[in-house]
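Each residue of the sequence shown is one higher than the one before, starting from 393 at the first, in this note's numbering.
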Amino acid sequence: MRTLFIGDLHLSADRPDITLAFNQFLDTQLDDAEALYILGDLFEVWTGDDIAEPFANELADKLHGISQNLPIYYIHGNRDFLLGSQYAARSGITLLPEVHRLDLYGTATVLLHGDSLCTLDKAYQRFRRCRNNPVVKWIYSRLPKRTRQNIATKIRAKSQASNMNKSDTIMDVEKDAVTQLMNRCGAIQMIHGHTHRPDIHHLGKNQAGIENLRIVVGDWYEQGSVLSVSKANLALTSLPFQAK
């Protein structure tokens, strides 16, 4: 048995190839899995459960069927932080807090999307604090659908333009932020996404001689990225997109 972790699929109506690849993954890769964790940004943009696109509703029905035999857990990303309880219920997924600690086959592990660790990006962190404000969320959720979509489009365009001028260092997680969170959670292993830089980082051994790890799942722009963890093994693999 194994536990699977994915993130940063950025599904959208504009990229049916990614949706197809995800459906193929769901159809072929879950036989020996005992849980699936989605670490945020399943969707490219999410402006409210009440305006989910047709492909997203079709996916919800499929996930709900899978969830009857396989628990599916979800941590919000920076693109789909507004995904709510209505869509979660329709999908059969369990929404987790922003930071989630679990015992993963005996290893204390902390899960998160990862954007909160990019502390050198001061402008983004200010926006993130505003975005997460309950009052801001409440006001936004009550705006007309068209207004919400327009706001999301403008924010997305501004973010893409801003990121073009940011260095790789600013766009990546900050070492001290990683260490502080792992220490606060009492974890020796961290799994996250967001940076689109799949890798297994060895952070050195703790006082007990156990190796600390930071594992980053990759995006699904050109291929799938899946982290598989069992009691005896840990593997981060790519899944080439298959022809329809």
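Positions of the beta carbon are idealized from the N, C-alpha and C atoms, including for glycine.
Top-ranked residue by Cα proximity to residue i, from the options
i	options	result
Met-393	Ala-427, Asp-409, Asp-406 and Lys-529	Ala-427
Glu-614	Thr-411, Tyr-532 and Glu-603	Thr-411
Lys-550	Ala-515, Cys-577, Gly-399 and Trp-530	Ala-515
His-586	Glu-490, Leu-455 and Asp-495	Glu-490
Gln-460	Phe-447, Ile-562 and Ala-481	Ala-481
Ile-547	Leu-418, Thr-420 and Glu-436	Glu-436
Ile-583	Asn-598, Val-565 and Lys-529	Val-565
Gly-616	Ala-624, Asn-625 and Leu-631	Leu-631
Phe-633	Asp-419, Asp-409 and Ile-485	Asp-409
Asp-568	His-593, Tyr-497, Thr-420 and Thr-511	Thr-511
Asp-495	Gln-599, Gln-581 and Ile-592	Gln-581
Gln-572	Phe-447, His-505, Leu-509 and Arg-518	Leu-509
Asp-560	Asn-525, Arg-589 and Thr-545	Arg-589
Thr-545	Trp-438, Gln-416 and Arg-518	Trp-438
Phe-417	Pro-536, Lys-537 and Val-618	Val-618
Phe-447	Asp-406, Thr-420 and Asp-419	Asp-406
Ile-592	Asn-598, Thr-629 and Pro-536	Thr-629
Asp-441	Ser-477, Thr-420 and Asp-419	Ser-477
Beta-carbon contacts of residue i that lie in its chain and below 7 Å, excluding the five residues immediately before and after
i	result
Glu-450	none
Ala-444	Tyr-479
Ala-627	Ser-620
His-594	Glu-603 and Leu-605
Asp-424	Met-393 and Arg-394
Val-648	In the structure as shown, the chain starts at 393 and stops at 636, and residue 648 therefore has no counterpart that could be examined.
Leu-535	none
8 Å contact criterion, which residue i and residue j should meet: CB distance rounded
i	j	result
Leu-422	Leu-455	Between Leu-455 and Leu-422 the Cβ distance is about 11 Å, and since that is not below 8 Å, they are no contact.
Ile-562	Asp-513	5 Å
Leu-488	Ile-467	5 Å
8 Å Cβ shell around residue i - same chain, five flanking residues per side excluded
i	result
Tyr-532	Leu-474, Arg-540 and Ile-543
Phe-414	Leu-401, Leu-403, Leu-451, Trp-612 and Gly-616
Sequence-distant residues of the same chain with beta carbon closer than 6 Å to residue i, five excluded per side
i	result
Ser-622	Arg-394
Ser-483	Ala-452, Leu-455 and His-456
His-492	Leu-503
Tyr-465	Tyr-429, Thr-486 and Leu-488
Gly-469	Gly-432, Asp-433 and His-505
Lys-537	Ile-443
Tyr-497	Lys-623
Beta carbon proximity, residue i to chain B, threshold 8 Å
i	result
Gly-578	Considering every chain present, this structure includes no chain B. It has just one protein chain.
State whether the region 466 to 483 contacts the region 415 to 435, with contact taken as three or more CB pairs (one from each stretch) at a distance under 8 Å. yes
Please determine if the region 560 to 579 and the region 492 to 504 are in contact, where contact requires at least 3 C-beta pairs separated by less than 8 Å. yes
Could you check whether the region 393 to 406 touches the region 599 to 609, counting it as contact only if at least three pairs of C-beta atoms, one from each stretch, sit closer than 8 Å? yes
Length at least 4, wholly inside the region 518 to 588: the alpha helix (DSSP H) runs in chain order: 526 to 533, 537 to 555, 560 to 563 and 567 to 577
As an exercise, report each continuous beta strand (DSSP E) stretch of at least 3 residues that is fully enclosed by the region 418 to 470, in chain order. 425 to 430 and 464 to 466
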